[in-house]
Each structure stands twice: as structure tokens, then as C-alpha cells.
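Asks: Residue numbers 30 to 146, in the working numbering, belong to the letters of the sequence shown in order.
Glycine is no exception: its CB is placed at the ideal position from the N, C-alpha and C atoms.
Below is a structure I'd like to ask you about.
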Amino acid sequence: MSLKMRKKVEPLPGCPMSKCTALLGGLWTPELIWSLSNGPRRFSELRRDTPTISAKVLSGRLRELEGRGVIRRNVLATSPPSVEYELTSLGQELLPVITSIVEVGSRLLLRDAARET
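Laid out in C-alpha cells, this is it:
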């Protein structure tokens, strides 16, 4: 079974739900925001946090989130230079939404586990 790629859809004008889901939309976006919720992370740390994401997809998703103003890319003055990613104030504003999703997901997992016993 193959996945069909959806065309990029602009948020509905004036719709708050559409505006927010446009920021959160995309595979891996909530997971990456969640990974950055505890502070700055390097590319390799984000890969470890989300082991099934490819380097190519992670790189693209980080660029998209940076372009949307959700994360900031910081080049560190180390030898060799390294890069860290962190949430912007907009990214911080999205955390309660992600936290709610995690809480609901945790309850769903508990229900599934209870049904299996």
C-alpha cells in the first residue's frame, strides 16, 4: 500500500483551527516540537528521539518549521561548527496543544492495554 502525498493546502482565511493545524501539520511535526520542549537539541539527538525518521525527511521538516517560525536554528561556534534547534516563542505557544495530544494518547494506550488483559 502506498501513501499518496497531499498537495499543500493553505489554511482557511480567518479560521483559527485551520491556522493552528497548518503549523502542526505534516508528518513528524508534533514529535519534533515535543522533542524540543525540554530545550535545544542537535540534529543527531532529534534523530535518536525519532528513530524511524530518515535524515532527509528530518532535515526537510526542520527547514519547514524554521520557515514557519516554530523553531530557530543556531549555529554554534565550535570546531567543527555544530547546529542546535530550539523552539521559538511561537513553538512554545504550541506546547499546550502537543501536551494535550500526548495526554490523550497516554490514556488511549492504557485503555488498549486494559482490553488486552
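By the three-class DSSP mapping on this structure, what secondary structure does Ser83 have?
Replies: Looking up residue 83 in the sequence shown gives position 54. It is coil, neither helix nor strand.
Asks: For Ser73, which of helix, strand or coil comes out of DSSP?
Replies: The residue labelled residue 73 in the question sits at position 44 within the sequence shown. Residue state, collapsed to three classes: helix.
Asks: Would you give the residue range spanned by the beta strand (DSSP E) that Gln108 belongs to?
Replies: Counting from one through the sequence shown, the residue named residue 108 turns up at place 79. The question names Gln, yet the displayed sequence has Ser at residue 108. Looking at the DSSP string, Ser108 is not in any beta strand (DSSP E), and its letter there is neither H nor E.
Asks: Once you ignore the five residues that flank Val104 on each side, which residues in its own chain have a CB closer than 7 Å to its CB?
Replies: To locate residue 104, count along the sequence shown from 1; it is residue 75. So the list reads Pro110 and Val112, once near-sequence residues are dropped.
Asks: Report the residue from Met46, Trp63 and Cys44 whose alpha carbon sits nearest the alpha carbon of Gln121.
Replies: Here residue 121 corresponds to residue number 92 of the sequence shown, with the count starting at 1. The candidate whose alpha carbon is nearest that of Gln121 is Trp63.
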